[in-house]
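Q: In this note's numbering, the protein residues as written are 1 to 86. Don't be surprised by glycine CBs; every beta carbon is placed ideally from N, CA and C.
1) Does the ligand GTP have a heavy atom nearer than 8 Å to the CB of residue 25?
2) Can you give me the start and stop residues for the beta strand (DSSP E) that residue 60 sits inside?
3) With the cut-off set at 9 Å, would you say residue 40 and residue 67 are in Cβ contact?
4) Could you give the residue range of the alpha helix (DSSP H) that holds residue 69?
5) Tell me the rounded alpha-carbon separation between residue 31 and residue 25.
6) Given a cut-off of 9 Å on the beta-carbon distance, is the pair residue 76 and residue 85 in contact?
7) Note the first and the last residue of the continuous alpha helix (DSSP H) segment covering residue 31.
8) Could you have a look at residue 80 and say whether DSSP puts it in helix, strand or coil?
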C-alpha cells in the first residue's frame, strides 16, 4: 500500500487540475457529442444510448452508458442480422 507522500495540498492541487481539465474537455467536445447523439437518434429510431453492466474494482458491478453504434435490424424471421450487416 502506498503512503501519503504527496501531502494534502498536492492532492488538492491534483484534484483541482483534474476537474478543470475534465470540465474544459467536456466544454470543447460537447458540440461533437451533441452531433453524434442527434445522428444516432435519427439512425437508431430514437435510441442513441444503451447501458452495459461491467465488473469494476473488487468485482463490484456498475453500469456504463455507451453510444449505440449498431442498429437492431432483423431478417424476415425476426432474428438479428449478423454484425457485419448491422
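A: Per the coordinate set shown:
1) Annotation note on the ligand GTP: not contained in the displayed structure, which lists no ligands.
2) Taken as a continuous stretch (DSSP letters only), residue 60 belongs to no beta strand (DSSP E), as it is neither H nor E.
3) yes
4) Residue 69 -> no alpha helix (DSSP H), and no H or E assigned at all.
5) Answer to the nearest angstrom: the Cα atoms are 11 Å apart.
6) no
7) 7-43
8) strand
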